[in-house]
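Encoded as structure tokens, the structure appears first; notes follow it.
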Amino acid sequence: MSYMVAIPDFLASAASDLEVIDSALSAAHAAAAAPITAVAAAAEDEVSAAIASLLSGHGQAFQALRAQAAAFHAEFASTLAASGAGYAAVEAANASPLAALVAGAQKLAVFSPVAAATGRPIVGNGANGKAGTGQNGGDGGWLFGNGGAGGSGAPGQPGGKGGDAFLFGSGGRGGAGGAGVTGTTGNAGTSTPGGPGGNGGAGGAGGNGGLLHGNGGAGGAGGAGGLGGAGGAGNALAGVNGTNGGLGGNGGVGGSGGQAEGLSGLLGGHAGGGGAGGQGGAGGQGGHGADVDTGSAGHGGNGGNGGAAGLGGAGGTGASAGAAGTGGTGGNGGDGGNDTASSGGVAGFGGAGGTGGSSAAGIGGTGGNGGNSGNTTSSGTGVVAAEGLQGGNGGNGGNGVTGGNGGNGGNGGSASGTGTTDAISIAGGGGGGGHGGNSTGGGAGGNGGQGGNGGGVAATVGSASVSGNGGAGGGGGAAAGATGGPGGGGGGGAAADVTTTTATSGGGFDGANGLGTGGGVGGDGGQPAAAVGGRDAAGGGGGGGGAIAGGAGGAGGQGGSAQGVAGGASGTGGTGQPVGGAGTDGADGKSFASGGATATGGSGGSANIGGGGGGGGAFGSGGGTTVHGGDGGAGGP
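1 is the number of the first residue of the sequence shown in the UniProt record's numbering; add one for each residue after it.
Right under this line is the structure:
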């Protein structure tokens, strides 16, 4: 069947153009009528008369043919003009009934008592839910219409459900869950930690498609977990210690997808996919310890643990489930306070990093970094002691299909003492790196965190002084298989003891072991030695983190230097058994001696799977002076 579109205005315009053409042709024919119908003879002879008569006959025949063409032209133009008028009349006659029909359909769709009585119109789409309310989307019409989208949720509240279609139409998308609220800030004066972050709201379910034709709506995304509140910072008036950070809120579950119903599901309709799970909220930062000039400085608060990730929503029949969220990052530990007491000062230690949040079907969160220990500077008459403390341990990575990485350990605090009779300075070791999160479903475990560096020391009595640098932290073990890599060991802190007649370079404390099985052993500080004159001993490097089967061990830490004398290089990490062999030993520290002094660099640490730490350097000058650099720590198994 063929179709034709007629536009009355175009027909009327064409008829008018034809009339103009007819008028021009008629004028031309009238002007030529006399010359061609009565041709004069060229002469009075019979031949001329015969020729003139023949030509005049042809002219008269042409004029008769022209009269017939003019009659046809006039009839065609009249018919064309009448057709345009006829089409216009028909359109005008049909306009009123069509308008009434449309108005009636609109009343059925919007204003019908059916909509008021049943909650859905005869024809029309459902209304969308208002954002921030969790309002459900309206249902589509009984005959035709899509379901409205669900409104997003208020903070921490679920999103609205998508509206359903009935016969023809698709279901509406579910609303996103509201994000969790941020936790309150802690208060050191009342020892109140940071408040936990609120949980994210669940995503709304998708609406169902029509029974005869249409697709199911997608589920809404789960809301992100709220941030944990920061810990309160210490201060000299209210309380010197920082408080712990708050826990991160859990992510909301994604909404389920809508179904393709009835015949639509059998004849090619598609169900809606599930909504993505919400991200876990990050843990709160630990509060920093207060600086003091009398007594002991404040300790840093621990970082809050990250919130768990939300699961993805289930898809409708035959559709994919939503992706799971990522676990929240652990909060960083607070730094310890500095101490500037005249004697016997002790700095604050750094807080531990929070553990990363878990994700049952996604990626675990990264562990928080440990806080740095504060530094101590003491001076006065008589015996003066200064002590720095260990840096905070890094937080473990969260477990997931892919484990999260462990956090790095904090650095140990440095110590500096100046006295008239004796000066004793002991630096803090570095914190251990966090263990990598374990894989719960065939993915790789997370990498272990780096160990923190040990602190340096300086001790002075008159013209006699001893100084030393702490060892570098060991590298964390690499990920492999289902088990996360262990954290690297912290570097050892140096130590010094000076009197008016003798000088002793004391052994520093070991750095913390890496968290988790097989963590690297912390490097030793400088070995004790009695001396007079110039002297300098550095701490050894921390051992590298070990490894589980198939994973690479961490490299050992670099040995500390002593007045430009370099410490030993760190050993490289080996590949985990049974795939590969052990790491390499750390190199011995360098040494320099003059004027009858004895100086010995520290021994490099032995390797296991983790590389050994480098030995500390040593510098000695003057008769009777004996200095020994710190030995490097052993690598983790």
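We put the beta carbon where it would ideally sit given N, CA and C, even for glycine.
Distance check between G356 and each of F349, A309, G348 and T381 places A309 closest, using alpha-carbon atoms only. Taking a 10 Å sphere around the C-beta of D9, we find fewer than 16 other C-beta atoms and assign the residue as exposed. Between the segment 214-222 and the segment 264-273 there are three or more inter-stretch CB-CB distances shorter than 8 Å, so the stretches are counted as touching. In the DSSP assignment, F166 forms no beta bridge with any residue.
Per DSSP, D293 has no beta-bridge partner at all.
By the neighbour-count definition (other C-beta atoms within 10 Å, threshold 16), F168 is a buried residue. For S78, the three-state secondary structure derived from DSSP is helix.
Within the DSSP secondary-structure output, F144 pairs in a beta bridge with V123 and F168.
8 Å or more divides the Cβ of G354 from the Cβ of G300. If you draw a straight line from the Cα of A115 to the Cα of R173, it is about 21 Å long. Given a length threshold of 3 residues, each whole run of the beta strand (DSSP E) inside the segment 322-375 is given here in chain order: 359-363. S264 sits away from G186, with the two beta carbons spaced by 8 Å or more. Considering only V383, G313 and G234, the residue with the shortest C-alpha distance to N338 is G234.
The beta carbons of G226 and G249 sit closer together than 8 Å. Contact between G368 and T326 is ruled out by a C-beta separation of about 15 Å, above the 8 Å threshold.
Looking from the CA of T420, the closest CA among G403, T460, G398 and G445 belongs to T460.
Taking a 10 Å sphere around the C-beta of Q390, we find 16 or more other C-beta atoms and assign the residue as buried.
Residue burial annotation: A67 is exposed, with fewer than 16 other C-beta atoms found within 10 angstroms of its C-beta.
Rounded to the nearest angstrom, the gap between the Cα atoms of N438 and S379 is 48 Å. Per DSSP, D22 has no beta-bridge partner at all. Separation of G206 and S358 (C-alpha to C-alpha, rounded to the nearest whole angstrom) is 27 Å. The alpha-carbon of S83 is positioned some 29 Å away from that of A64. In this structure, G138 sits near G126, with a CB-CB distance shorter than 8 Å. Scanning its chain for C-beta atoms nearer than 6 Å, with the 5 sequence neighbours on each side dropped, one finds around G336 the residues G289, H299, G300, A347, G348, F349, G350, S373 and G374, in chain order. Straight-line measurement puts the Cα of G229 at about 28 Å from the Cα of G484. As DSSP reads the structure, G400 sits in a beta bridge with S359 and S439. Of all alpha-carbon atoms in F72, A89 and G434, the one lying nearest the alpha-carbon of G397 is that of G434. Around the beta carbon of P486, 16 or more other beta carbons sit within 10 angstroms, so the residue counts as buried. Collapsing the DSSP output to three states places T483 in a strand. DSSP, reduced to helix, strand and coil, places S256 outside both helices and strands of the structure shown, so it counts as coil. G148 is the residue among A154, P113, S170 and G148 whose C-alpha sits nearest the C-alpha of G162. Collapsing the DSSP output to three states places H213 in a strand. When the Cα atoms are used, Q157 and G178 turn out to be separated by approximately 5 Å. Less than 8 Å divides the Cβ of G331 from the Cβ of G284.
Counting of Cβ neighbours within 10 angstroms places G210 among the buried residues, the total reaching 16 or more. Under the DSSP definition of a beta bridge, V384 partners with A423.
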